[in-house]
Amino acid sequence: MSTYLVGDLQGCLKELDQLLSEVGFNPSRDRLWLTGDLVARGPDSLGCLRRIVGLGNAATVVLGNHDLHLLAVANGIGRPKAADKIDEILNAADQADLLYWLRHQPLLAEHEQHGFVMTHAGIPPQWNLEQARTAARQAEAELRSPQYRVRLQQMYGNQPDSWQEDLTELEQLRYTINAFTRMRLCHPDGRLDFAHKATLAEAPVSLHPWFELRGGHRDPPLIFGHWAALEGKCDTAGIHALDTGCVWGGSLTLLCWENGERLSTPCPAYAG
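Residues 199 to 470, numbered by the working numbering, are exactly what the sequence shown covers, in order.
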């Protein structure tokens, strides 16, 4: 039994199939973990959703910002963007089943045997693992509840950018979703910054990658995607970046947890 971890798909089904074929993935034996953003900007978001749903318990997925935006658009909340290429999903006969499944995926997942933790964007410096776990479960419950449409509408916005215990329920939800699905750089005090999305070399010296500010926590191995500009490079021990920009003409990357080997396949520049 092998455990394979794959970065953001963004609709790149052909590349996923190629990687899984190369490692001989067998869903009756192996397990596949994905860092979220299954959809948007690539050529086959519908196919990606159907493929992962079809794997059943052999696949574990965490929600990414594009996944949540798809749910918002499908419920008449978010504004659709042509670059997202999600019309095929919205018009599919099995749309309701696919989106119900997507809405019930976690923001944070933990591997019982190997002990690693996966989220789409990471874990903010202000939280230890227990705080992150608690916040994830609370937000997931809201997204799965009868009032999920209201929660999807309320998730948009960049504030609050800092976690405080006295935040309102709405503020806690927005911060949690932003931290797990949109975070890249932080201020030294842990406040989230959403203005800068490029490479670390281009970032202001006053900002730091979230993972460089987690030195005070005793973390298990952390797996994340989301930050394509990192090109899968992260020098912080125990933290693994898997988004290598497949949809931007980079590659799709797979990590075999048991032996630490990485395998990548090049991708066309599907997104402009």
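Built from N, CA and C at the ideal position, the CB exists for glycine as well.
Source: prediction; values computed, not measured.
Bounds of the alpha helix (DSSP H) holding isoleucine 287 are 285 to 288. With respect to the 9 Å criterion, aspartate 265 and leucine 288 are not classified as neighbours on the basis of their beta carbons. Taken atom to atom, the span from the alpha-carbon of asparagine 273 to that of leucine 214 is near 28 Å. Residue environment for methionine 199: exposed (fewer than 16 other C-beta atoms within 10 angstroms of its C-beta).
Here tryptophan 361 is not bridged, per DSSP, to any residue. Residues of the same chain with a CB within less than 7 Å of the CB of glycine 436, apart from the 5 flanking positions on each side, are Asp417, Pro419, Leu420 in chain order. Here leucine 461 is near leucine 217, since their CB atoms are less than 9 Å apart. The three-state secondary structure of alanine 272, taken from DSSP, is helix. In summary, arginine 239 is buried, with 16 or more beta-carbon neighbours lying within 10 Å of its beta-carbon over all protein chains present. Under the Cβ criterion (8 Å, minimum of three pairs), the region 357 to 377 counts as touching the region 327 to 336.
Here arginine 301 is buried, its C-beta having at least 16 other C-beta atoms within 10 Å. Approximately 13 Å separates the beta-carbon atoms of glutamine 352 and leucine 365; this is outside 8 Å, ruling out the contact. Cβ contact annotation for threonine 434 (same chain, cutoff 7 Å, sequence separation greater than five): Phe409, Glu410, in chain order.
Taking a 10 Å sphere around the C-beta of aspartate 292, we find fewer than 16 other C-beta atoms and assign the residue as exposed.
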